[in-house]
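Notes for the one structure printed next.
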Amino acid sequence: NAGVTQTPKFQVLKTGQSMTLQCAQDMNHNSMYWYRQDPGMGLRLIYYSASEGTTDKGEVPNGYNVSRLNKREFSLRLESAAPSQTSVYFCASSEGPRDSNEQFFGPGTRLTVL
Amino acid sequence: AQSVAQPEDQVNVAEGNPLTVKCTYSVSGNPYLFWYVQYPNRGLQFLLKYITGDNLVKGSYGFEAEFNKSQTSFHLKKPSALVSDSALYFCAVRASSGGYNKLIFGAGTRLAVHP
Chain X
1435 NAGVTQTPKF QVLKTGQSMT LQCAQDMNHN SMYWYRQDPG MGLRLIYYSA
1485 SEGTTDKGEV PNGYNVSRLN KREFSLRLES AAPSQTSVYF CASSEGPRDS
1535 NEQFFGPGTR LTVL
Chain R
154 AQSVAQPEDQ VNVAEGNPLT VKCTYSVSGN PYLFWYVQYP NRGLQFLLKY
204 ITGDNLVKGS YGFEAEFNKS QTSFHLKKPS ALVSDSALYF CAVRASSGGY
254 NKLIFGAGTR LAVHP
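These protein sequence lines map, in sequence, to chains X and R.
Residue 1435 is where the first sequence starts when you use the numbering used here, and the numbers rise one by one after that.
Residue 154 is where the second sequence starts when you use the numbering used here, and the numbers rise one by one after that.
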């Protein structure tokens, strides 16, 4: 099992450009999450999908959109990138939204917006 | 408001000595608490969790954590530190919001184990 995979690993964008971060999991998990990690701030939840067909805003959703393409895949889109979106982005998954199971994380995407 | 605090940005310890990484939380209801570790340029890896039961929880790589309800703490411990334990450690609490449970993370504590 590959677990949670993310593409790309690194990306540099100019202000105003758009891009989509891809995430896939092969653990048959129901719930998926997108976080951003900034120095000294831990991880902050951007969006999550409790189950296939549903998405909800997290703590910092402004400037982002998501798509739960199917049970395996959950993508994050930046429509018009801004320097404030320079960060490391992590995708995660868990068996379900209401259980006590841990989340499994991907390796991350390091995004720089110039 | 539900939150997690990790009061130390960095913890330094000599190899072979015991280590403690501190975490306190604020959450309504019964807390579900987690510890994760992040090695350089990697994603977070699950270490251990407290759901209910015994206040001392054992996890991966020889780590354990002690849940203290009166002090609202969930400190991570290891009896004998290894240089390979050097990493960034995150405490997290599960919080209920709108019927869905999400994790709230602390800011992280960098553990440096010196030979």
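All C-beta atoms in this analysis are idealised placements derived from N, C-alpha and C, irrespective of residue type, glycine included.
Note that the structure is predicted; figures quoted are calculated from it, not measured.
Neighbour flag for residue i against chain X, beta carbons, 8 Å
i: residue 195 of chain R; result: yes
i: residue 185 of chain R; result: yes
Backbone CA spacing between residue i and residue j [nearest angstrom]
i: residue 1440 of chain X; j: residue 1492 of chain X; result: 20 Å
i: residue 1443 of chain X; j: residue 1496 of chain X; result: 22 Å
i: residue 1510 of chain X; j: residue 1460 of chain X; result: 18 Å
i: residue 1547 of chain X; j: residue 1448 of chain X; result: 5 Å
i: residue 1481 of chain X; j: residue 1456 of chain X; result: 14 Å
i: residue 210 of chain R; j: residue 1452 of chain X; result: 44 Å
i: residue 193 of chain R; j: residue 1458 of chain X; result: 22 Å
i: residue 246 of chain R; j: residue 1446 of chain X; result: 33 Å
i: residue 238 of chain R; j: residue 1505 of chain X; result: 35 Å
i: residue 1483 of chain X; j: residue 219 of chain R; result: 31 Å
i: residue 1512 of chain X; j: residue 1494 of chain X; result: 13 Å
i: residue 1527 of chain X; j: residue 198 of chain R; result: 12 Å
8 Å Cβ cut-off: residues of chain X touching residue i
i: residue 260 of chain R; result: 1474, 1475, 1476
i: residue 199 of chain R; result: 1536, 1537, 1538
i: residue 243 of chain R; result: 1476, 1477
C-beta neighbour in chain R for residue i, strict 8 Å
i: residue 1537 of chain X; result: yes
i: residue 1548 of chain X; result: no
As assigned by DSSP and simplified to three states, the class of residue i
i: residue 180 of chain R; result: coil
i: residue 236 of chain R; result: helix
Cβ neighbour criterion (16 or more within 10 Å) applied to residue i
i: residue 213 of chain R; result: exposed
i: residue 1545 of chain X; result: buried
i: residue 1476 of chain X; result: buried
i: residue 222 of chain R; result: exposed
i: residue 171 of chain R; result: exposed
i: residue 236 of chain R; result: exposed
Contacts that residue i makes with chain R (C-beta to C-beta distance below 8 Å)
i: residue 1508 of chain X; result: Simply none; closest approach about 15 Å.
i: residue 1545 of chain X; result: None at all; the shortest Cβ gap to chain R is about 14 Å.
Chain B contact residues for residue i, given Cβ-Cβ distances below 9 Å
i: residue 1524 of chain X; result: The displayed structure is made up of protein chains X and R, and chain B is not among them.
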